[in-house]
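In the numbering used here, the protein residues as written are 28 to 395.
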């Protein structure tokens with residue numbers, strides 16, 4: 028019998044029970060497809076949670092202009108919702124933001140401001156936030172959603188993303204979650220610590236990000252990673268950390284497109300690269316779930332463009348195979364850096380709770 032689904036709002040079209048079984052990458056896993064909504068990414072949930080929180084607290088007035096810093100996907104989701112709800116929206120982006128996402132935001136009627144100067148860590152987050160603070164100081168109509176500090180961000184994913192995983196599978200042995208602002212990661216940690224504490228949550232980040240105290244370096248792919256420590260991030264409840272070089276992300280994007288028909292975005296490819304890196308550490312028969320935050324159409328001008336990739340990561344990345352990835356250690360991959368494998372190598376506030384597992388086997392217990 029055919030089922031017809033009717034919705035009252037774009038925000039309601041969230042397919043939270045869609046999982047794709049992926050085989051042939053060394054460890055079988057279920058990919059939670061978070062791009063199957065009108066905004067095209069997991070950030071729709073973040074955007075809805077942030078705006079609804081403001082409404083609940085009575086902070087949306089008739090003259091309010093919402094403002095947020097975003098490398099792309101959250102900006103698109105916020106622009107879409109604000110257009111539906113007739114709320115003016117300004118998004119602050121940077122040179123790493125794709126032209127596709129910027130065009131989408133402007134098509135929804137958002138004002139887009141692009142900063143150009145990098146911050147002290149070589150990224151653009153500090154510069155974007157500084158511009159927002161200037162706007163707030165100069166015009167009282169601006170209200171900052173502030174995904175980096177707002178508890179509504181992780182709360183949205185605890186209530187939706189994480190809950191849907193546990194409802195569908197019951198028990199999950201390994202859950203791989205990308206770390207950007209860490210809203211999704213923290214939401215999953217909150218839920219699984221409370222309801223399924225035996226689930227091992229693997230945080231996935233990009234080499235060059237400072238979230239976990241690892242060295243800062245230039246990054247080109249928007250989505251995961253930060254150049255400033257996210258205030259909402261707490262290491263408690265994370266089993267291990269996998270740092271993925273961006274060159275490995277690019278290679279995985281292209282491998283998945285050619286061999287699996289999966290045209291994934293940068294964040295998704297990074298998470299899948301982490302699962303692949305763990306293929307010999309995951310016990311046979313384990314239930315493994317990986318979050319797929321985005322799809323690949325928005326990256327056709329970057330990750331899937333040969334000239335763009337060659338200029339940043341070298342020609343050797345263009346046509347790598349899974350066998351090439353399997354035989355390449357992260358430390359020798361183009362553009363990569365060696366990442367510490369012991370908790371003691373990380374800053375004290377992080378190493379108390381996280382075992383960093385990049386190129387060597389992970390400890391079986393949290394470092395305490």
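Just so it is clear, CB atoms sit at the ideal spot from N, CA and C, and this is done for glycine as well.
- [ ] May I ask which residues mark the beginning and end of the alpha helix (DSSP H) holding residue 199?
- [x] The residue given as residue 199 occupies position 172 in the chain shown. Taken as a continuous stretch (DSSP letters only), residue 199 belongs to no alpha helix (DSSP H), as it is neither H nor E.
Open item on the list: Please state the DSSP three-state secondary structure of residue 146.
Closed with: The residue given as residue 146 occupies position 119 in the chain shown. Three-state result, residue 146: coil.
- [ ] With DSSP as the reference, label residue 227 as helix, strand or coil.
- [x] Within the chain shown, numbered from 1, the residue matching residue 227 stands at position 200. Residue state, collapsed to three classes: strand.
- [ ] Let me know the secondary structure DSSP gives residue 305 once reduced to three states.
- [x] What you label residue 305 is simply residue 278 of the chain shown in a count that begins at 1. Three-state result, residue 305: coil.
Task: Of the residues 31, 121 and 175, the one placed nearest residue 144, counting alpha carbons only - done: Here residue 144 corresponds to residue number 117 of the chain shown, with the count starting at 1. It is 121.
TODO: Consult DSSP for residue 159 and reduce its assignment to one of helix, strand or coil.
DONE: Counting from one through the chain shown, the residue named residue 159 turns up at place 132. It is helical.
TODO: Determine the contact status of residue 233 and residue 252, defining contact as a CB-CB distance below 7 Å.
DONE: Counting from one through the chain shown, the residue named residue 233 turns up at place 206. Counting from one through the chain shown, the residue named residue 252 turns up at place 225. Result yes, Cβ atoms of residue 233 and residue 252 sit closer than 7 Å.
Task: Backbone CA spacing between residue 249 and residue 293 [nearest angstrom] - done: Sequence index remark: in the chain shown, residue 249 carries index 222 (1-based). Sequence index remark: in the chain shown, residue 293 carries index 266 (1-based). Taking the straight line from one Cα to the other gives about 7 Å.
Open item on the list: Between residue 63 and chain B, is any beta-carbon pair separated by less than 7 Å?
Closed with: Protein chains in the displayed structure number just one, and chain B is not present.
- [ ] Please confirm whether residue 317 and residue 196 have their CB atoms less than 7 Å apart.
- [x] The sequence position of residue 317 within the chain shown is 290, counting from 1. The sequence position of residue 196 within the chain shown is 169, counting from 1. Not closer than 7 Å, so no.
TODO: Can you give me the start and stop residues for the alpha helix (DSSP H) that residue 101 sits inside?
DONE: Your numbering for residue 101 matches position 74 in the chain shown. 100-112 is the span of the alpha helix (DSSP H), which, as asked, contains residue 101.
- [ ] Under the assumption that residue 269 contacts residue 243 (Cβ atoms under 8 Å), give the Cβ distance between them as a whole number of angstroms.
- [x] Position 242 of the chain shown, counting from 1, holds the residue named residue 269. Position 216 of the chain shown, counting from 1, holds the residue named residue 243. Actually they do not touch by this definition, with Cβ atoms about 18 Å apart.
- [ ] Give, in chain order, every unbroken run of the beta strand (DSSP E) that is at least 3 residues long and sits entirely within the region 261-303.
- [x] 267-271
Task: Backbone CA spacing between residue 260 and residue 213 [nearest angstrom] - done: Counted from its first residue, the chain shown places residue 260 at position 233. Counted from its first residue, the chain shown places residue 213 at position 186. About 7 Å.
TODO: Assign residue 92 to one of three DSSP states: helix, strand, or coil.
DONE: Taking the first residue of the chain shown as position 1, residue 92 is located at position 65. The answer is strand: DSSP assigns residue 92 an E or B state.
Task: Enclosing beta strand (DSSP E) for residue 56 [first to last residue] - done: Sequence index remark: in the chain shown, residue 56 carries index 29 (1-based). From DSSP, the beta strand (DSSP E) with residue 56 extends over 56-60.
Open item on the list: Please report the distance separating the alpha-carbon of residue 177 from that of residue 30.
Closed with: As a working note, residue 177 is residue 150 in the chain shown. As a working note, residue 30 is residue 3 in the chain shown. Approximately 37 Å, taken between the alpha carbons.
TODO: Express the C-alpha separation of residue 51 and residue 182 in angstroms, rounding to a whole number.
DONE: Position 155 of the chain shown, counted from the start, is the residue given in the question as residue 182. Position 24 of the chain shown, counted from the start, is the residue given in the question as residue 51. Spanning the two alpha carbons is a distance of roughly 34 Å.
Open item on the list: Within the continuous beta strand (DSSP E) that includes residue 171, where are the two ends?
Closed with: Residue numbering aside, residue 171 sits at position 144 when the chain shown is read from its first letter. Unbroken beta strand (DSSP E) run through residue 171: 169-171.
Open item on the list: Just verifying my parser: in three-state terms, what is the DSSP assignment at residue 220?
Closed with: Indexing the chain shown from 1 puts residue 220 at position 193. DSSP places residue 220 in helix when its eight states are reduced to three.
TODO: Please look up how many angstroms separate the CB atoms of residue 155 and residue 68, rounded, as I've assumed it's under 8 Å.
DONE: Counting from one through the chain shown, the residue named residue 155 turns up at place 128. Counting from one through the chain shown, the residue named residue 68 turns up at place 41. Not confirmed; about 19 Å, so no contact.
TODO: Tell me where the beta strand (DSSP E) around residue 140 begins and ends.
DONE: Taking the chain shown and counting its residues from 1, the one referred to as residue 140 is at position 113. Here the beta strand (DSSP E) through residue 140 covers 138-141.
- [ ] Let me know if residue 353 comes out buried or exposed under the rule of 16 or more other beta-carbons within 10 Å of its beta-carbon.
- [x] The residue labelled residue 353 in the question sits at position 326 within the chain shown. It counts as exposed.
TODO: Give the secondary structure of residue 341 by DSSP, where H, G and I count as helix, E and B as strand, and everything else as coil.
DONE: Taking the chain shown and counting its residues from 1, one reaches residue 341 at position 314. In the structure shown, residue 341 sits in coil (DSSP, three-state: anything other than H, G, I, E or B).
TODO: Taking the CB atoms as reference points, tell me whether residue 218 and residue 179 lie closer together than 7 Å.
DONE: Mapped onto the chain shown, residue 218 falls at position 191. Mapped onto the chain shown, residue 179 falls at position 152. Cβ distance not < 7 Å, so residue 218 and residue 179 don't count as in contact.
Open item on the list: Given this structure, state the Cα-to-Cα distance separating residue 369 from residue 271, to the nearest angstrom.
Closed with: Here residue 369 is taken as the residue at index 342 of the chain shown, counted from 1. Here residue 271 is taken as the residue at index 244 of the chain shown, counted from 1. For residue 369, the pLDDT reaches just 30, beneath the cut-off of 50, and the residue's location in the model is therefore unreliable, although a value from the coordinates is still provided. So the two alpha carbons sit approximately 16 Å from each other.
TODO: Report the rounded CA-to-CA distance for residue 396 versus residue 62, giving the unit in angstroms.
DONE: The structure shown does not extend to residue 396, since the chain spans only 28 to 395, so no value can be given for it.
- [ ] To the nearest angstrom, report how far apart residue 276 and residue 344 are at their CA atoms.
- [x] Counting from 1 along the chain shown, the entry for residue 276 is found at position 249. Counting from 1 along the chain shown, the entry for residue 344 is found at position 317. Between residue 276 and residue 344, the C-alpha separation is close to 10 Å.
- [ ] Compare the beta carbon distance of residue 158 and residue 216 with 7 Å and say whether it is the shorter of the two.
- [x] On the chain shown, position 131 is the one that residue 158 refers to. On the chain shown, position 189 is the one that residue 216 refers to. Their beta carbons are not under 7 Å apart, which means residue 158 does not touch residue 216 by this criterion.
Task: CA-to-CA distance, residue 141 to residue 117, given in whole angstroms - done: If you number the chain shown from 1, residue 117 lands on position 90. If you number the chain shown from 1, residue 141 lands on position 114. Their backbone Cα atoms lie some 11 Å apart in a straight line.
Task: For residue 335, the residue or residues it bridges with in DSSP - done: Counting from 1 along the chain shown, the entry for residue 335 is found at position 308. DSSP lists no partner for residue 335.
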